[in-house]
Amino acid sequence: DSASHFGATFAASATVASFLEAYTSIRSYANSNDQSQPKLLQVLGDTTVGVKLFLPQRPGRVFNVGADLQLLLLNGSGGIGLDGGSTSFRGRLVSTLDFRQLNSGLPLLAHFNAGYRLDNSGKIVEDVETQRGGAAISRTERFGLGINRVDLAELGIGLEGVFRPSASIRSLRPFAEYTIDIPVNRQGYECNQSQVASGDQCLGRASGFSTSPSRLTFGARVNPFLKGLVVTAAVDIGVSGHKDFIEEVAPQAPWSIWWGVGYGFDVVEAPPVVVQAPPVMMPAAPTAAPQLNVAGLVHEAGNQQGIASAIVRFEGRDMTGLVTDGSGRFKTASLEPGTYTFRVKAEGYKEGTCSVTVAPATSTTAVT
């Protein structure tokens, strides 16, 4: 057979708290199949109302976890308005490993989701099947209307890159995902293998990977120059459930193309994360050793008038001597602690000596 599918979804969400997002969506789609009767099937106004709970954002957190709770309000078949008996519920545990770290790490996110869908969509066609004398709807009708007679355990894994390739593209996020829906017969639906349509099987006899709808998804989200604008494009490739079919579950499409446009109003740029480097401990400047000098005045006994140009030599030490200045004063260079004897000689005067002890804690010692 030849089948085609086209649909549109409008969704709106609001982050009402740092840990809570509320959202709603409405979906309409049409399916045509040249082997179906009628050839065109339409679903108008399937509505989803949901909330997401998650850990508040914190820079540097590697593991993030949350929950996604959805109420599925399905439109009736062959009429206008919601079918209350088909109302379904989906709950999912969502988690992410964020390998991005401040100033290091990889621009990579890894996602894992596990959930369960309480699916009552089979209620939509109960009246139709009764009018047909109990005959089940066909496989093309299950696909066209999205009818499942059993619940679905849902698993998904994905990888997502986070890049900013240029100044004009604020964000580029390519992603790859794999998701699978595993049938669970909570309703106790009884499938009669002897009465199933050609090409269909029963869950009780044909449960397994080949009959569980699953798909690979490849795509990318782009945030171009306009703040808040997001463009998404993706393709689904059916892995299982599109060749082997069971009466309880809607078939998986062999492939689907998705594209979407979103805009975030009142977008506020996150403030830059300021990382304060730990203070650098500078080594303390070495304390200068005290200068131990000997300063003196050469003068005649009984007279404080200094004698200029007197020669002062170190006795018993191989050290350079000194010459007094015009006022008769002299000052040595820095000396090691110890006792020093000076021999003083001046023209017209008798040679003399004097001694001084330089203590370790003494900065200046005067000798006369």
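FYI, in the working numbering the residues of the sequence shown are 50 to 417.
Beta carbons: idealized from backbone N, C-alpha and C, even for Gly.
Looking at residue j and residue i, is the spacing between their C-beta atoms short of 8 Å?
i	j	result
T390	G365	yes
L89	S81	yes
L123	G99	no
F294	P300	yes
V199	P232	yes
F59	A79	no
A184	E175	no
A61	E70	no
S187	A246	yes
By alpha-carbon positions, which one of the options ends up nearest to residue i?
i	options	result
L201	F267, A66 and S256	S256
G248	I218, A216, H291 and A61	H291
D374	A116, A359, D367 and G387	A359
N113	D147, S135, T136 and T58	D147
K101	D95, V111 and G115	G115
S53	F224, Q242, G377 and Q91	Q91
E203	G140, S144 and E209	G140
E297	G182, N234 and L69	N234
G397	S383, E349, P386 and R378	E349
D230	V65, L167 and F68	L167
M368	Q354, Q353, N352 and R392	R392
L104	T73, I75, F68 and P409	F68
T145	G210, Q180, S187 and S137	G210
T438	F379, E400 and S404	What is shown of the chain runs 50 to 417, which leaves residue 438 out entirely.
G195	N162, S153, G309 and S137	S137
A408	G401, P386 and E400	P386
V310	A333, M330, L278 and P327	L278
Q106	G182, N197, A66 and R76	A66
G154	V111, I75, Q180 and R191	V111
Y238	N197, A216 and S77	N197
I75	T96, P87 and A57	T96
Y312	F192, N352 and F274	F274
W308	M330, P214 and A283	A283
A57	S77, F314 and T73	S77
L120	T73, N352 and A159	T73
Taking 7 Å as the limit between beta carbons, can you name the residues of its chain near residue i, skipping five residues before and five after?
i	result
D83	D50 and S51
S42	Beyond the ends of the chain as shown, which are 50 and 417, falls residue 42; an answer cannot be given.
F212	P156 and L221
C251	C240, Q242, V245, I295 and E296
G164	R139, G140, R141, L142 and E203
S45	There is no way to answer for residue 45, as the model of the chain reaches only from 50 to 417.
T406	T388
F258	S289
Q236	R198 and V199
Q354	H348
Near residue i, what residues of its chain come up, given a Cβ to Cβ distance below 8 Å and the 5 sequence neighbours on each side ignored?
i	result
Y227	G205, I206, G207, S263, R264, L265, T266 and V288
G370	I360, V361, R362 and F363
K172	D132, G134 and S135
S412	Only weak support exists for where S412 lies, its pLDDT of 45 falling under 50; the coordinates are left without a value.
I356	V347, H348, E349, T373, G377, A395 and Y398
T402	E364, T390, F391, R392 and V393
G125	L131, D132, S135 and I173
E400	R392, V393 and K394
Give the DSSP bridge partners of residue i, in chain order.
i	result
S263	I229 and S289
R76	T58 and D95
R107	Answer is none; R107 lacks a bridge partner.
K380	A344
P223	A269
K394	I360
K3	Lying before the first or after the last residue shown, residue 3 is absent from the chain, which here runs from 50 to 417.
S137	L121
I306	V284
Q236	Paired residues: none, contrary to the question.
I196	Note: I196 sits in no beta bridge, so no partner.
D1	The requested residue 1 is not part of the displayed model; the chain covers only 50 to 417.
E209	L158 and F224
Please list, in chain order, all residues of the same chain as residue i whose beta carbon is under 6 Å from its beta carbon, the five residues on each side excluded.
i	result
T189	N82 and S85
A415	Residue confidence for A415 is low, a pLDDT of 49 falling below 50, so the modelled location carries little weight and cannot support an answer.
S305	D285
G253	none
V280	V271 and V310
F192	A299 and P300
E162	Reading off the sequence, residue 162 comes out as Asn, not Glu. Answer for N162: R141, V143 and G205, listed in chain order.
A225	L208 and F267
inquiry  = Count Cβ pairs between the region 214–221 and the region 263–275 that sit closer than 8 Å; are there 3 or more?
reply    = Below 8 Å, enough C-beta pairs join the region 214–221 and the region 263–275 to call them touching: three or more.
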